[in-house]
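There are 2 protein chains.
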Amino acid sequence: MLTIGEFSKISKVSPKTLRYYGEIGLLKPGFVSKDSGYRYYEVSQLRDMLLISRLKQYGFSLPEIATVLASGDNQHLAELIRVKKEELLRQIQNQQHIQLQMEHDIQRIERGENIMQSNYLVKTVQVEPKCIYSLRRKMSVRDFGEMFGTLCAGLEKKGLNPTGPFLSIYHDEEFNRECTDIEVGIEVAVDKGEHIRTLSPGLCCFATHVGSYDDFTACYTALMEWIEQEGYTVSGPPFELYVKGCEENVQPSEYVTEIYFPIRK
Amino acid sequence: MLTIGEFSKISKVSPKTLRYYGEIGLLKPGFVSKDSGYRYYEVSQLRDMLLISRLKQYGFSLPEIATVLASGDNQHLAELIRVKKEELLRQIQNQQHIQLQMEHDIQRIERGENIMQSNYLVKTVQVEPKCIYSLRRKMSVRDFGEMFGTLCAGLEKKGLNPTGPFLSIYHDEEFNRECTDIEVGIEVAVDKGEHIRTLSPGLCCFATHVGSYDDFTACYTALMEWIEQEGYTVSGPPFELYVKGCEENVQPSEYVTEIYFPIRK
DNA sequence: TATACAGCTTCCAGTTAGGGCAAAGTCAAG
DNA sequence: CTTGACTTTGCCCTAACTGGAAGCTGTATA
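If you read the sequences in order, they're chains A and B.
Here the numbering used here runs 3 ahead of the position in the first sequence, where the first position is 1.
Here the numbering used here runs 3 ahead of the position in the second sequence, where the first position is 1.
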């Protein structure tokens, strides 16, 4: 039998932790003195302790380890390790991706750009299909604001309730200020009717732009760079969500827009 | 100004978290109503929030982020990100190493070997130099026990106090049962004298073997495999530390031995 | 045998970065 | 005025421990 200190030194696990493991029932000492309350461990328990340490390293939680120890089913354990291994793989991939972002940021800072000033955090998201009431037309960017007026009028005439912010979809590959195929719309609850359709872009990457609509380009650039860097391709027309915009009496510097690109690998 | 809910939706950070950040002084709302206690955020604070999210992703703790926000020193931030990047790199390397171990374990289990039965957790450690009183000789393994007797006699004659367990060092490249160059010793406090020398193996990997001395081979094999797998080479004679052994009246199944290999890349 | 001291015990509190839930107060639309 | 969505504070909870205090035990030494 070993005292908790001896067991600790051999197993490289602190006495504190050993007491904790006893408390939660993960590894109870082989014998506890009735008089003194001293814990004594069997040497054979070192094996259990080593397995615990190893599984912990593999990313198992303590309750998970407890069930593994209790079952003693090795084939099942192999499967569980495989699952953890795949989880770890995903983690590593994610971390490698973060490393690229870090390098990107470092270089931006070293080029003298202020990371706080144009800080687009590109994220991916699975966009749920939404029903939109929309108008699509080839037009000049100058007629853009007018389209929203038409849209609002149409909404009112039909008695529709918007259930989301305004949005616009850019159907042209290349953006042309004078004549672009733009669809402006808004999310609604009903799913049938004239000018009503379902928008289901699927997997998207997006970034949030704060400020006037003049400098969207930086955000678009950031998104396009990200898409290229991550090895995705654009799988549909990009769209903008006017989360906070001109319909209220808000300063242009306070506008909030989310820019989305549907993507696939 | 945005309510906490609006700010939350745009920044993709939960209201709870925003309140928490306000509480710890990381990001306080631009305005708090005196009547209702409602928090209102400036749109410009979204930038700060995005930076916080990003640095969090990079592995910064919240206090670290707070100092970054407070200082506004971008050059310094670049350095800090670089440090975190290296930290992440080390983490990734460690995780890749763990992945190899996992695969190894899975295969062991699938070959029907019991992971609990021969579970050597190989670790690396920088072994501090220690003074040992030792005897070195070419001998048969059968004379091994006798050597410890001689060693004990020598200790007693010199009036030396052991400050660690017995150990033995295997100076031959290839282990030969009949005639091996073995040094047996024990750690002592004094650093000068006949048969006293300093053992400074430096970086070692080691594993703990529990049980009789008969099946050390599995442990040695595990260590050698590990060394090969990790791309290390052996840089000195291996040694064994008899953490719990035959000097007490202990069953062979209770012996505890640590086996060390000095290594370098 | 007395004592010193290392080692052991329990109990309580704290760590990170928030999540859950409840009761009560507030805002804006109809 | 009411309704319903939103927000507030407050309290407890998480995982896997670590730290510290106060007191008890085991063993080596004088």
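All residues carry an ideal CB built from backbone N, CA and C; glycine is no exception.
These numbers were taken from a predicted model, which means no experiment stands behind them.
Cβ distance (whole Å) where residue i is taken to contact residue j below 8 angstroms
{"i": "Asp184 of chain A", "j": "Asp175 of chain A", "result": "5 angstroms"}
{"i": "Phe209 of chain A", "j": "Tyr263 of chain A", "result": "4 angstroms"}
{"i": "Ser11 of chain B", "j": "Leu49 of chain B", "result": "About 11 angstroms separates the two Cβ atoms, so there is no contact after all."}
{"i": "Thr236 of chain A", "j": "Arg267 of chain A", "result": "6 angstroms"}
{"i": "Ile269 of chain A", "j": "Leu91 of chain B", "result": "No answer is possible for residue 269 of chain A: the residues shown for chain A start at 4 and end at 268."}
{"i": "Phe169 of chain B", "j": "Gly248 of chain B", "result": "7 angstroms"}
{"i": "Leu5 of chain A", "j": "Tyr61 of chain A", "result": "Actually they are not in contact, since the Cβ atoms of Leu5 of chain A and Tyr61 of chain A sit about 26 angstroms apart, beyond 8 angstroms."}
{"i": "Pro204 of chain A", "j": "Val125 of chain A", "result": "So it is not a contact: roughly 16 angstroms between Cβ atoms."}
{"i": "Thr211 of chain A", "j": "Glu261 of chain A", "result": "5 angstroms"}
Beta-bridge pairing of residue i - partner residues as DSSP gives them
{"i": "Thr236 of chain A", "result": "A:Arg267"}
{"i": "Tyr245 of chain B", "result": "B:Phe169"}
{"i": "Met142 of chain A", "result": "A:Thr183"}
{"i": "Thr211 of chain A", "result": "A:Glu261"}
{"i": "Glu190 of chain B", "result": "B:Ile135"}
{"i": "Leu206 of chain A", "result": "A:Gln129"}
{"i": "Thr6 of chain B", "result": "B:Tyr43"}
{"i": "Val1 of chain A", "result": "Residue 1 of chain A falls outside the range modelled here, since chain A spans only 4 to 268, and no answer is possible."}
{"i": "Thr201 of chain B", "result": "B:Cys134"}
{"i": "Phe34 of chain B", "result": "B:Tyr43"}
CA-to-CA distance, residue j to residue i, given in whole angstroms
{"i": "Lys356 of chain B", "j": "Leu72 of chain A", "result": "Any answer about residue 356 of chain B is impossible in this case: the structure gives chain B only from 4 up to 268."}
{"i": "Pro165 of chain B", "j": "Leu83 of chain A", "result": "46 angstroms"}
{"i": "Glu89 of chain B", "j": "Glu113 of chain A", "result": "18 angstroms"}
{"i": "Asp51 of chain A", "j": "Ser215 of chain B", "result": "18 angstroms"}
{"i": "Gln104 of chain B", "j": "Thr127 of chain B", "result": "14 angstroms"}
{"i": "Thr46 of chain B", "j": "Asn117 of chain B", "result": "Here residue 46 of chain B is Val; the residue named in the question, Thr, does not match the sequence. Distance between the alpha carbons of Val46 of chain B and Asn117 of chain B is about 60 angstroms."}
{"i": "Lys37 of chain B", "j": "Leu29 of chain A", "result": "51 angstroms"}
{"i": "Ile95 of chain B", "j": "Tyr23 of chain A", "result": "29 angstroms"}
{"i": "Val213 of chain A", "j": "Pro32 of chain A", "result": "59 angstroms"}
{"i": "Ile109 of chain B", "j": "Arg85 of chain A", "result": "7 angstroms"}
{"i": "Cys182 of chain B", "j": "Pro18 of chain A", "result": "42 angstroms"}
{"i": "Leu158 of chain A", "j": "Phe242 of chain A", "result": "20 angstroms"}
{"i": "Leu244 of chain B", "j": "Tyr173 of chain B", "result": "12 angstroms"}
{"i": "Asn77 of chain A", "j": "Val35 of chain A", "result": "30 angstroms"}
{"i": "Leu202 of chain A", "j": "Ser56 of chain B", "result": "29 angstroms"}
{"i": "Tyr41 of chain B", "j": "Gln98 of chain B", "result": "45 angstroms"}
{"i": "Glu197 of chain A", "j": "Leu163 of chain A", "result": "12 angstroms"}
{"i": "Lys87 of chain A", "j": "His79 of chain B", "result": "37 angstroms"}
{"i": "His107 of chain B", "j": "Leu58 of chain A", "result": "13 angstroms"}
{"i": "Thr153 of chain B", "j": "Leu226 of chain B", "result": "30 angstroms"}
{"i": "Gly75 of chain B", "j": "Pro265 of chain A", "result": "35 angstroms"}
{"i": "Met142 of chain B", "j": "Leu53 of chain A", "result": "34 angstroms"}
{"i": "Arg200 of chain A", "j": "Ala156 of chain A", "result": "18 angstroms"}
{"i": "Val246 of chain A", "j": "Ser39 of chain B", "result": "25 angstroms"}
{"i": "Ala221 of chain B", "j": "Met150 of chain B", "result": "25 angstroms"}
{"i": "Lys160 of chain B", "j": "Gly167 of chain B", "result": "18 angstroms"}
{"i": "Ile21 of chain B", "j": "Ala69 of chain B", "result": "Looking at the sequence itself, residue 21 of chain B is Leu, so the reference to Ile does not match. C-alpha separation (whole angstroms): 14 angstroms."}
Closer than 8 angstroms to chain B by CB, residue i
{"i": "Asn164 of chain A", "result": "no"}
{"i": "Thr211 of chain A", "result": "yes"}
{"i": "Gln99 of chain A", "result": "yes"}
{"i": "Gln129 of chain A", "result": "no"}
{"i": "Ile109 of chain A", "result": "yes"}
{"i": "Leu80 of chain A", "result": "yes"}
{"i": "Glu159 of chain A", "result": "no"}
{"i": "Lys195 of chain A", "result": "no"}
{"i": "Met150 of chain A", "result": "no"}
{"i": "Lys59 of chain A", "result": "no"}
{"i": "Leu21 of chain A", "result": "no"}
{"i": "Val246 of chain A", "result": "yes"}
Neighbour flag for residue i against chain A, beta carbons, 8 angstroms
{"i": "Ile7 of chain B", "result": "no"}
{"i": "Val259 of chain B", "result": "yes"}
{"i": "Gln232 of chain B", "result": "no"}
{"i": "Ser56 of chain B", "result": "yes"}
{"i": "Glu67 of chain B", "result": "no"}
{"i": "Arg50 of chain B", "result": "yes"}
{"i": "Val269 of chain B", "result": "Past the boundaries of the shown model lies residue 269 of chain B; chain B is included only from 4 to 268, so the question cannot be answered."}
{"i": "Ile95 of chain B", "result": "yes"}
{"i": "Val125 of chain B", "result": "no"}
{"i": "Met227 of chain B", "result": "no"}
beta-carbon residue i near the ligand ATP non-hydrogen atom, thresh 7 angstroms
{"i": "Met150 of chain B", "result": "With respect to the ligand ATP, the structure shown offers nothing to examine, as it has no ligands at all."}
Subject >> Contact the stretch 135-144 of chain B vs the stretch 186-202 of chain B: 3+ CB pairs below 8 angstroms >> reply: yes
Original post:
Any contact of the stretch 59-67 of chain B with the stretch 228-238 of chain A, i.e. 3+ C-beta pairs under 8 angstroms?
Top reply: no
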